[in-house]
Structure formats: structure tokens, C-alpha cells
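**Q** Questions regarding the structure given below will be posed in turn.
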Amino acid sequence: MTLLDRLALLSPIDAIALGALVTGWLIIGWWIERENTTYPSVTVLMIQYRRDWMQEMVRRDPRIFDAQMLSSLRQGTAFFSSTCVIALGGVLALIGNAERLVGVAEDLALSGVPTIPTIVWQVKLGLVALLLTHAFLKFVWSNRLFGYCAVVMGAVPNDPDHPLARHRAWQSGELNIRAAWNFNRGLRAMYFALAALAWLLGALTLLGAVVVTIWVLWSREFMSRPREVLLTQPPAKP
Numbered sequence: 000m001t002l003l004d005r006l007a008l009l010s011p012i013d014a015i016a017l018g019a020l021v022t023g024w025l026i027i028g029w030w031i032e033r034e035n036t037t038y039p040s041v042t043v044l045m046i047q048y049r050r051d052w053m054q055e056m057v058r059r060d061p062r063i064f065d066a067q068m069l070s071s072l073r074q075g076t077a078f079f080s081s082t083c084v085i086a087l088g089g090v091l092a093l094i095g096n097a098e099r100l101v102g103v104a105e106d107l108a109l110s111g112v113p114t115i116p117t118i119v120w121q122v123k124l125g126l127v128a129l130l131l132t133h134a135f136l137k138f139v140w141s142n143r144l145f146g147y148c149a150v151v152m153g154a155v156p157n158d159p160d161h162p163l164a165r166h167r168a169w170q171s172g173e174l175n176i177r178a179a180w181n182f183n184r185g186l187r188a189m190y191f192a193l194a195a196l197a198w199l200l201g202a203l204t205l206l207g208a209v210v211v212t213i214w215v216l217w218s219r220e221f222m223s224r225p226r227e228v229l230l231t232q233p234p235a236k237p
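Residue numbers (numbering that gives the first Met the number 0): 0 to 237.
Here is the structure:
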């Protein structure tokens with residue numbers, strides 16, 4: 000059975016729900032990462048703070064604090080990439096034993112409800128596996144970028160007046176920003192992977208999970224207390 004034959008087993012409402020998930024994922028990602036806007040997200044607001052961090056690093060002696068901060072960021076990417084691998088292994092195990100899901104569904108289904116073919120369960124779990132794989136790749140790339148950032152930070156001259164000091168601090172800041180963006184993209188993929196699990200309960204449940212996921216992401220980026228803190232201006236001098 001080809002992929003098209005498998006997708007043909009899905010109902011029109013399944014196709015709509017799947018399209019809503021993909022569209023919502025792309026739109027919320029674009030909305031969060033817009034830089035030239037009057038209402039920036041937390042992700043965008045953090046960009047300047049990362050650049051300021053690297054410029055302050057040039058004058059900091061010693062730079063142990065900066066190394067510890069970067070190490071904690073790398074540990075976060077390593078933790079989430081490991082989590083993705085574990086979750087992906089569990090999903091692949093379920094795909095290989097989808098007959099058990101069919102049996103559970105038959106036990107819970109009411110009389111007269113048609114049995115869902117095993118291949119449909121595998122397609123639904125395959126979407127979760129695809130999102131987790133995407134998240135894993137983003138976390139791995141983020142980890143590498145933080146590693147590149149660490150190397151460039153180590154190449155910043157100790158003399159703040161050295162002609163290369165500011166330039167290399169800028170380079171490390173841009174690498175840090177790209178690493179953070181990939182980390183955030185990995186997190187968003189994990190959010191939508193959790194939403195995709197709702198597809199096992201039906202297309203309408205998936206639509207509801209997509210709406211909730213988009214709301215959670217949007218509220219944390221545009222309506223959260225951390226955003227208010229980042230936008231707070233310093234008190235005026237008397």
C-alpha cells in the first residue's frame with residue numbers, strides 16, 4: 000500500500016485537522032519570529048539582550064560567569080534532544096504494535112462504530128514521530144551553534160581595546176541568537192507533537208488541541224509576565 004493509499008483512508012475532517020496543525024505551526028512560528036514589528040515577541044526581545052551580553056563579556060574579567068551561562072544553555076539543548084529520542088523510541092514502538100491500539104479502541108467503542116484500520120493508527124502516530132524528529136534535529140543544531148558560540152567567545156581577546164574584540168563579541172552574539180532560535184523552534188515542534196497525540200482520539204480533538212497549543216504559544220510570547228519585565232524601562236533619575 001502506497002502513502003497515497005494510506006492517506007485515502009482518512010476522512011475529510013482528518014485532512015482538515017491535519018492541515019490546521021501544519022498551517023498553525025507555520026503561522027505561529029512566523030508570527031513569533033517577526034523582528035520588524037511594533038509588538039515583538041519574547042523571543043525577539045531577547046535578541047538585543049543576547050547581543051548586549053556578548054558586548055559586556057568583552058569587559059568582564061574573568062569570564063567564568065559567561066562560560067557557565069553558555070554551559071547551562073547547552074545542557075538545556077542536550078536535555079531536550081535526549082527527551083525527543085526517548086519519546087521517539089516510544090512512538091516507534093507503538094507504531095510497530097499498533098494492533099494493540101486497535102484492540103483497546105474496539106474494547107472502548109460502542110456497538111455500531113466502525114473499526115479504524117491499523118494503518119490509520121500508524122499514520123497518526125507517524126505524524127507525532129515526524130514532529131519529534133524535527134524537534135530533535137533543531138535541538139542538535141542548537142547545541143552545535145552554542146558550541147560554535149563558545150569557541151568564538153574563547154577567541155575574544157582579553158584586551159577590550161583590541162581591534163578584534165568587539166567584532167568577535169558581535170559574532171558570538173549572532174551565533175548565540177541563531178542557537179536560541181533553533182532551540183525555540185524545537186520546543187514549538189514538541190508542543191505540536193503533543194497536540195498531534197490528540198489525533199488518536201479523533202479529528203475534532205486534534206482541532207481543539209491545535210487551538211489550545213497555538214493559544215499557549217501566543218500567550219507566552221505576547222501576553223506573559225516575562226514580556227512585561229523585558230519591556231520595563233529603568234526608573235528615571237531624581
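Each residue gets a CB set at the ideal place from its N, CA and C atoms; glycine is no exception.
Which residue comes first and which comes last in the alpha helix (DSSP H) that contains arginine 73?
**A** Annotation for arginine 73: the continuous alpha helix (DSSP H) segment containing it runs 63 to 95.
**Q** To the nearest whole angstrom, what separates the beta carbons of proline 156 and arginine 58, a pair I think is in contact under 8 Å?
**A** Incorrect: roughly 12 Å between the Cβ atoms, too far for contact.
**Q** How would you label methionine 222, buried or exposed, when you count the other beta carbons within 10 angstroms and need 16 or more for buried?
**A** Within 10 angstroms of the beta-carbon of methionine 222 lie fewer than 16 other beta-carbons, which makes it exposed.
**Q** Using a 10 Å radius around the Cβ and a threshold of 16 neighbouring Cβ atoms, would you call isoleucine 213 buried or exposed?
**A** buried
**Q** Grouping DSSP H, G and I as helix and E and B as strand, with all else coil, what is methionine 53?
**A** In this structure, methionine 53 counts as helix in the three-state DSSP scheme.
**Q** Secondary structure at asparagine 157, three-state DSSP: helix, strand or coil?
**A** coil
**Q** Which runs of the alpha helix (DSSP H) at least 4 residues long sit entirely within the segment 132 to 217? Give them in chain order.
**A** Counting only runs of 4 or more, we get 164 to 196.
**Q** Could you give the DSSP three-state label for proline 234: helix, strand or coil?
**A** coil
**Q** Identify whether threonine 37 lies in helix, strand or coil by the three-state DSSP scheme.
**A** coil
**Q** By the DSSP assignment, the alpha helix (DSSP H) with proline 11 in it spans what residues?
**A** 11 to 32
**Q** May I ask you to report which of helix, strand or coil DSSP gives arginine 226?
**A** helix
**Q** Just to confirm before moving on: does the CB-CB distance between phenylalanine 138 and phenylalanine 79 stay below 8 Å?
**A** Yes, the Cβ-Cβ distance between phenylalanine 138 and phenylalanine 79 is below 8 Å.
**Q** With burial defined as no fewer than 16 other Cβ atoms inside 10 Å of the residue's Cβ, what is the status of glutamate 220: buried or exposed?
**A** buried
**Q** Is it the case that the segment 196 to 208 contacts the segment 161 to 170, given that we only count it when at least three CB pairs across the two stretches are under 8 Å?
**A** Not touching, per the Cβ criterion.
**Q** Looking at the structure shown, is arginine 59 part of a helix, part of a strand, or coil, going by DSSP?
**A** Looking at arginine 59 - three-state DSSP - the assignment turns out to be coil, as it is neither helix nor strand.
**Q** Please report the straight-line C-alpha distance between tyrosine 147 and serine 171, rounded to a whole angstrom.
**A** Rounded to whole angstroms, the gap between the alpha carbons of tyrosine 147 and serine 171 is 8 Å.
**Q** Measure the C-alpha to C-alpha separation of proline 225 and isoleucine 63 and round it to an integer number of angstroms.
**A** 26 Å
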